Ligand SMILES: [Zn+2]
Ligand SMILES: [Zn+2]
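Chains as they are written, first to last, in the numbering used here: chain A, 3 to 201; chain B, 3 to 201.
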């Protein structure tokens with residue numbers, strides 16, 4: 003099986019490098035597409051191609067955009083003086099699904115990590131400081147993961163923005179909505195207790 | 003977020019309809035691609051497009067091909083007088099990975115199913131009968147699943163090919179290589195016992 007299988011194998015290889023997919027699931031996906039050329043494969047090619055031609059990082063916040071400035075940064079209603087700092091675009095999307103935050107974002111592009119040798123210069127922290135000044139930001143909300151790297155990054159940002167006089171806050175830690183205490187780790191329960199509020 | 007998010011959401015929707023992917027994993031995949039436009043997204047578009055333009059079902063056996071006749075059907079070394087009947091192309095690929103079968107295939111395109119209203123006319127059974135005659139086939143090997151539908155289909159094919167005088171066989175049932183008895187269902191153990199061989 004010369005040519006056909008080579009091309010199909012190459013395609014399976016590309017799919018299997020995507021997050022959450024292994025060789026077996028990639029094979030199943032490719033086979034599904036091959037057997038539905040007009041209903042699934044061609045529309046997928048067109049949708050991917052459209053996005054590949056237009057998608058680019060927002061030069062201001064790092065969100066994915068179809069123009070140099072993303073829809074959120076371009077929306078004057080979102081100039082609330084608040085910037086929410088997130089690790090990556092996935093977290094920005096998660097915040098947007100929450101439909102609570104009405105300000106703008108700043109995507110760091112990762113967290114500080116000694117293990118992965120990610121230092122401050124690898125993240126978009128200088129740009130955050132510039133934005134605090136140029137956009138007249140009053141409050142920076144840290145929406146970073148409750149991990150060692152996330153918290154190290156939070157502390158580094160706290161030090162970096164100190165001289166700007168901006169208000170710095172962070173997402174509350176506590177019991178997730180719908181979460182059962184029984185299934186929570188002790189750290190979460192402790193954090194939820196410390197942040198308890200009048201009822 | 004007008005245009006950009008609409009296109010990206012449409013793309014996530016297409017990915018989430020692929021087997022094994024839900025909205026969450028589709029979102030992660032799309033985000034991964036968007037953040038790696040040149041290293042991952044563009045090469046994937048090109049590979050998919052190439053396959054979309056060339057892939058077609060083999061008019062003889064139903065395998066996926068880049069020509070009207072697939073590489074296996076076109077290979078004279080595989081004219082062994084044996085046809086292996088499989089449910090779909092995934093099973094053909096699985097047989098080929100086994101590297102034991104040297105004949106040709108016939109892809110049924112499914113199994114008979116009362117529940118899903120799949121009758122004999124929906125499968126490529128008439129074409130199998132034609133091939134038995136025109137290709138001078140001596141043996142038909144049924145490689146169908148050990149499911150109710152798979153076995154119903156096997157029995158239907160057995161009746162259909164009876165008058166051609168072809169030898170009909172089926173894959174052995176038994177303990178999978180590396181399989182522990184403890185984890186096998188009773189049906190498999192029973193089948194393995196009935197098919198026991200001298201040691
Ligand atoms: Zn932006
Ligand atoms: Zn063929």
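Don't be surprised by glycine CBs; every beta carbon is placed ideally from N, CA and C.
A quick note: this is a predicted structure, and the numbers were derived from the prediction, not measured.
Looking at the unbroken alpha helix (DSSP H) that takes in residue i, where does it start and where does it end?
i, result
"residue 120 of chain B", "It is not in any alpha helix (DSSP H) - residue 120 of chain B carries neither H nor E in the DSSP assignment."
"residue 179 of chain A", "Taken as a continuous stretch (DSSP letters only), residue 179 of chain A belongs to no alpha helix (DSSP H), as it is neither H nor E."
"residue 72 of chain A", "No alpha helix (DSSP H) holds residue 72 of chain A; DSSP gives it neither H nor E."
"residue 139 of chain A", "Where residue 139 of chain A is concerned, there is no enclosing alpha helix (DSSP H), given that its DSSP letter is neither H nor E."
"residue 27 of chain A", "25-36"
"residue 152 of chain A", "150-163"
"residue 188 of chain B", "188-196"
"residue 56 of chain A", "44-56"
"residue 93 of chain B", "91-100"
Mind reading off the beta-carbon distance from residue i to residue j? Whole number of angstroms is fine, and I expect it under 8 Å.
i, j, result
"residue 109 of chain B", "residue 63 of chain B", "6 Å"
"residue 10 of chain A", "residue 177 of chain B", "Residue 10 of chain A to residue 177 of chain B, Cβ: 32 Å. No contact."
"residue 163 of chain B", "residue 142 of chain B", "6 Å"
"residue 39 of chain A", "residue 92 of chain B", "16 Å between Cβ atoms; not a contact."
"residue 66 of chain A", "residue 6 of chain B", "7 Å"
"residue 47 of chain A", "residue 87 of chain B", "About 32 Å separates the two Cβ atoms, so there is no contact after all."
"residue 35 of chain B", "residue 43 of chain B", "4 Å"
"residue 131 of chain A", "residue 82 of chain A", "Residue 131 of chain A to residue 82 of chain A, Cβ: 19 Å. No contact."
Given this structure, state the Cα-to-Cα distance separating residue i from residue j, to the nearest angstrom.
i, j, result
"residue 120 of chain B", "residue 84 of chain B", "26 Å"
"residue 55 of chain B", "residue 126 of chain B", "25 Å"
"residue 41 of chain A", "residue 12 of chain A", "22 Å"
"residue 60 of chain B", "residue 68 of chain B", "8 Å"
"residue 74 of chain A", "residue 80 of chain A", "7 Å"
"residue 115 of chain B", "residue 150 of chain B", "9 Å"
"residue 45 of chain A", "residue 170 of chain A", "45 Å"
"residue 17 of chain A", "residue 51 of chain B", "14 Å"
"residue 89 of chain A", "residue 112 of chain A", "5 Å"
"residue 3 of chain B", "residue 138 of chain A", "For residue 3 of chain B, the pLDDT reaches just 41, beneath the cut-off of 50, and the residue's location in the model is therefore unreliable, although a value from the coordinates is still provided. Going from the Cα of residue 3 of chain B to the Cα of residue 138 of chain A covers about 23 Å."
"residue 106 of chain B", "residue 193 of chain B", "27 Å"
"residue 19 of chain A", "residue 29 of chain A", "12 Å"
"residue 133 of chain B", "residue 168 of chain B", "11 Å"
"residue 153 of chain A", "residue 117 of chain A", "15 Å"
"residue 103 of chain B", "residue 187 of chain A", "53 Å"
"residue 49 of chain A", "residue 23 of chain B", "17 Å"
"residue 37 of chain B", "residue 31 of chain B", "10 Å"
"residue 172 of chain B", "residue 198 of chain B", "16 Å"
"residue 94 of chain B", "residue 15 of chain B", "29 Å"
"residue 191 of chain B", "residue 190 of chain A", "48 Å"
"residue 1 of chain A", "residue 144 of chain A", "For chain A, the structure presents residues 3 to 201; residue 1 of chain A sits outside this window and is missing."
"residue 181 of chain B", "residue 77 of chain B", "35 Å"
"residue 8 of chain B", "residue 175 of chain A", "32 Å"
"residue 195 of chain A", "residue 27 of chain A", "42 Å"
"residue 21 of chain B", "residue 146 of chain A", "32 Å"
"residue 122 of chain A", "residue 148 of chain A", "19 Å"
"residue 25 of chain B", "residue 140 of chain B", "49 Å"
"residue 184 of chain B", "residue 124 of chain A", "52 Å"
Check whether the Cβ of residue i lies closer than 8 Å to any Cβ atom in chain C.
i, result
"residue 133 of chain B", "In the structure shown, chain C does not exist; the protein chains are A and B."
Would you kindly report the start and end of the unbroken beta strand (DSSP E) that includes residue i?
i, result
"residue 84 of chain B", "84-88"
"residue 109 of chain A", "106-109"
"residue 171 of chain A", "169-172"
The stretch 94-105 of chain A / the stretch 150-158 of chain A touching (three or more Cβ pairs under 8 Å): no
Exercise answer, beta-carbon shell around ligand 2 heavy atoms below 5 Å: B:60, B:62, B:63, B:65, B:72, B:75
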